[in-house]
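Visitor:
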Amino acid sequence: MEYTEVNKNTIEIILSEVLSERIYSLIKKLNREDFNNIEEIRLRANRPLMIQNKHGDFFVNNSGCIDSKYKDLFVVDRQDIERTLQRMSDYSLYAVEEEVKQGFITLRGGHRVGLVGKVVLDGNKVKTLKYISGMNIRIAKEIKGCANNLVSRLYSEGVNHTLIISPPGCGKTTLLRDIIRVLSSGDNSLNIKGYRIGLIDERGEIAACFHGVPQLDVGIRTDVLDSCPKVAGIYMLIRSMNPEIIAVDEIGGPEDAKAIEDALNVGVKIIATAHGRNLDEVMNRNGFRDMLNNTFRKAIVLNRNKGPGTIEEIIDI
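Once you know that position 247 of the sequence shown is 247 in the UniProt record's numbering, the rest is easy, because the numbers rise by one and skip nothing.
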């Protein structure tokens, strides 16, 4: 299994380019193990800098050490937020305006930055965010090979319609990405031929495209619609790209169900994810029970009991 975080040195370079100078000078003081294990960096105006790794979340003190005792903590100020935002947008917020109104910015390398602040509405729609007061920098990670056993077990005799279920932070996107990679590129050792895959990456978290080009490995036969709404993307792919499989993250309501049903009617297989702790929780949502019963054949439930991506159970639906 090949574990990669889009190259540790690359991450260090990117953080040096986007964090405020004050914050980066602190982050680079972390010991190498703590730095390499960073999953998220959270900046909140007038509150301590927070780091999250697989063990939980921790604050950073003024000496550049992870600290759980709340002593001498480094406090992020508004200037840090403003400076970081300027650097992330290459000094042009207009260039990332569409992303900002969705609450995030995607960095080179596929790292995702969640944003919070004052929401400006246009009717019932979000027009933009202003007075941005908090950021969550999520380090893009791929674990090549994490899906090998699962793919061999589920798909060696053909692809089933599959739903991956997990709470946030349990690795469903990482698992989905590797499933796509293996099915797209094929693997003779797993008895997997290559499939044409259409990937609808609505939030840019699977392929992590930068200027339209995937930064993470989603296979050699995968066509990506980046930042595209799921329903529109399903119909676009069916009409124009002739996929054998459509992969999509975080399906939701009745509109998704109708588009997925139409994809099934033209012979396309579906691999998708949904938020939830178990199958019952997902089935009790509006519109999900019929979609699950009529569409999906397998459900994979994940948790964090042994770290992100732990497979709790595989269910025949």
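Glycine included, each C-beta is placed from N, C-alpha and C at the ideal position.
Given the structure is predicted, the values throughout are model-derived calculations rather than measurements.
1. Excluding the 5 residues preceding and the 5 following Met-241 in the sequence, name in chain order all residues of the same chain whose CB lies nearer than 7 angstroms to its CB.
2. Just to confirm the assignment, what range does the beta strand (DSSP E) spanning Tyr-131 have?
3. Given Asp-201, which residues of its chain have a CB within under 6 angstroms of its CB, disregarding the five upstream and five downstream residues?
4. Would you report the Cα separation of Ile-132 and Leu-115, rounded to the nearest angstrom?
5. Comparing the C-beta of Glu-255 with each C-beta of chain D, is any distance below 8 angstroms?
6. With distance defined between alpha-carbon atoms, name the residue in Thr-310, Asn-149, Gly-169 and Gly-103 nearest to residue 328.
7. Going by beta-carbon coordinates alone, are Ile-164 and Ile-300 separated by less than 8 angstroms?
8. For the beta strand (DSSP E) holding Asn-53, just list the boundary residues, first then last.
9. Have a look at the DSSP bridge pairing and note the partners of Ala-247.
10. Contact between the segment 87 to 95 and the segment 183 to 199 is defined here as three or more beta-carbon pairs at a separation below 8 angstroms; is this criterion met?
11. Leaving out the 5 sequence neighbours to the left and right, which residues in its chain are closer than 8 angstroms to Arg-297 when beta-carbon positions are compared?
12. Check whether the segment 138 to 150 and the segment 175 to 182 are in contact - that is, three or more C-beta pairs closer than 8 angstroms.
13. Kindly indicate the opening and closing residues of the alpha helix (DSSP H) around Gly-117.
14. Val-120 to Gly-158, Cα distance in whole Å?
15. Which residue from Arg-112, Val-18 and Gly-56 puts its Cα closest to that of Glu-82?
16. Measure the alpha-carbon distance for Ala-247 versus Ile-66 and round it to whole angstroms.
17. So Leu-129 packs on Val-96, CB below 8 angstroms; how close in whole Å?
18. Let me know if Arg-42 comes out buried or exposed under the rule of 16 or more other beta-carbons within 10 Å of its beta-carbon.
19. Rounded to the nearest angstrom, what separates Val-60 and Leu-49 at their Cα positions?
20. Check Arg-87 in the structure and name its three-state DSSP category.
21. Considering Cα atoms alone, identify which of Val-282, Gln-52, Met-291 and Val-151 is closest to Lys-258.
22. Scan the segment 130 to 184 and note each continuous beta strand (DSSP E) run of 3 residues or more that stays entirely inside, going in chain order.
23. Can you tell me whether Asn-294 is helix, strand or coil according to DSSP?
Guide: In terms of the structure at hand:
1. Answer for Met-241: Gly-198 and Asp-223, listed in chain order.
2. Note, Tyr-131: beta strand (DSSP E), 125 to 138.
3. For Asp-201, where only same-chain residues beyond five positions count, the Cβ hits under 6 angstroms are Ala-207, Val-224 and Asp-226.
4. A straight-line Cα-Cα distance of about 7 angstroms links Ile-132 and Leu-115.
5. Here there is only one protein chain, and chain D is not present.
6. Missing from the structure shown is residue 328; the chain here goes from 1 to 317 and no further.
7. A distance below 8 angstroms separates the beta carbons of Ile-164 and Ile-300.
8. Residues 50 to 53.
9. According to DSSP, which records beta bridges pairwise, Ala-247 is partnered with Leu-199 and Ile-271.
10. The segment 87 to 95, when compared against the segment 183 to 199, does not touch it at the 8 angstroms Cβ threshold.
11. In its chain, beyond the 5 residues on either side, Asn-160, His-161, Thr-162, Asp-316 and Ile-317 have a beta carbon closer than 8 angstroms to the beta carbon of Arg-297.
12. Judged by Cβ distances under 8 angstroms, the segment 138 to 150 makes contact with the segment 175 to 182, as three or more pairs qualify.
13. That residue, Gly-117, is in no alpha helix (DSSP H); its beta strand (DSSP E) goes 112 to 122.
14. If you take the alpha carbons of Val-120 and Gly-158, they lie about 47 angstroms apart.
15. Distances from the alpha-carbon of Glu-82 to those of Arg-112, Val-18 and Gly-56 put Val-18 closest.
16. C-alpha of Ala-247 to C-alpha of Ile-66: approximately 38 angstroms in a straight line.
17. No, Leu-129 and Val-96 are not in contact; Cβ-Cβ is about 11 angstroms, not under 8 angstroms.
18. Arg-42 comes out buried.
19. Rounded to whole angstroms, Val-60 to Leu-49 spans 6 angstroms at the Cα level.
20. Residue state, collapsed to three classes: helix.
21. The shortest Cα separation from Lys-258 among Val-282, Gln-52, Met-291 and Val-151 belongs to Met-291.
22. Those beta strand (DSSP E) runs which fall completely within the segment 130 to 184 and span 3+ residues are 142 to 144 and 162 to 166.
23. Three-state DSSP puts Asn-294 in a helix.
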